[in-house]
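Here's the structure, in structure tokens; my notes come after.
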Amino acid sequence: MGSRRSFLQSCSCPLSLFVVVVALAAPSADGSRAARVPCYFIFGDSLYDSGNNNNLNTSVKVNYSPYGIDFPAGPTGRFSNGRTAADIIGETLGFKDFIPPFASNPDDRQILVGVNYASGSAGILVQSGKQGGDNVDLSKQLRNHKVTVSRIVKKLGSKKAAFEHLGQCLYICNMGNNDYINNYILPQSTAIRSQYNPAQFAALLVARYSAQIKVSLL
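Counting with mature numbering (1 follows the signal peptide of the UniProt record, and there is no 0), you get residues -31 to -1, 1 to 187 for the letters of the sequence shown.
Okay, structure coming up:
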């Protein structure tokens, strides 16, 4: 498809996202709290990861105790004792189940509701966070989403129906921390610091991020 669509908009502003979520989650006139969007797609790093690192060749995985000690299913790969911020947003929006990680190979029914692509240590740049092993960087997460979209097209029978469905979905993204913590400010990252001063590196991240989230879904 030749057209290019921008999505994941405004995900860099937590306050804006909070306002949107609160508005979407407000009870309806009859007092019910059904999900206010039909589907919810999650991109990001360890703050949102719900198990995508579990089977990767990396030390950055947390599918063991005491992680998940307060989570209903126990250790699942969430970098938390309980729910992640993405989980809480989903609950606030009225979703009955937690959005499954892409690595769990969600079924056709689940992908219509949403998929979590986030990966611990991942960044905007491919090389970020790789000192601990593999991760699913933002470009890979977007490629995984294209796989999901192709499945949705097949499930719904046409690209038009798929885009109508996806156009009602909420997309969130938390990305960029590891480009600094696990890349730019590492003592061994002298090459990238000699190539970019702090302002230039920030501009690089903004440019890469903007380019990556303006992609053709099909």
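Beta carbons are placed, not taken as given, at the ideal position from N, Cα and C, and that holds for glycine.
Query: Closest by C-alpha distance to Pro7, when choosing among Gly46, Thr53, Leu155 and Gly59; Result: Gly59
Query: Separation of Val84 from Leu25, as counted between CA atoms; Result: 18 Å
Query: One or two residues paired with Gly145 in a DSSP bridge; Result: The partner list for Gly145 (beta bridge, DSSP) is empty, contrary to what the question assumes.
Query: Buried or exposed by the 16-neighbour rule on C-beta atoms within 10 Å, applied to Ala3; Result: exposed
Query: Nearest-angstrom Cβ-Cβ length linking Asn151 and Ser90, presumed shorter than 8 Å; Result: 6 Å
Query: Separation of Ile11 from Val(-13), as counted between CA atoms; Result: Below a pLDDT of 50, predicted positions are generally treated as unreliable, and Val(-13), at 44, falls in that range; the measurement from the model is reported next regardless. One C-alpha to the other measures close to 18 Å.
Query: Inter-stretch contact (C-beta, 8 Å, three-pair minimum) for the stretch 9 to 23 and the stretch 94 to 111; Result: yes
Query: Candidates Arg5, Ala160 and Glu133: closest to Thr61 by CA position; Result: Arg5
Query: Simplified DSSP state of Leu107, which is helix, strand or coil; Result: helix
Query: Distance, Tyr178 Cα to Ser49 Cα; Result: 26 Å
Query: Secondary structure of Pro167, DSSP reduced to three states; Result: helix
Query: With 16 other Cβ atoms within 10 Å as the buried cut-off, status of Gly46; Result: buried
Query: Option nearest Lys128 by Cα separation, candidates Lys115, Ile68 and Pro70; Result: Lys115
Query: Sequence ranges, alpha helix (DSSP H) only - wholly within the stretch 58 to 131, length at least 4; Result: 77 to 80 and 107 to 125
Query: Euclidean distance between Cα positions of Arg162 and Pro156; Result: 10 Å
Query: Distance between Ser34 and Gly43 (C-alpha atoms, nearest Å); Result: 8 Å
Query: Burial state of Ser28, where buried means 16 or more other Cβ atoms lie within 10 Å; Result: exposed
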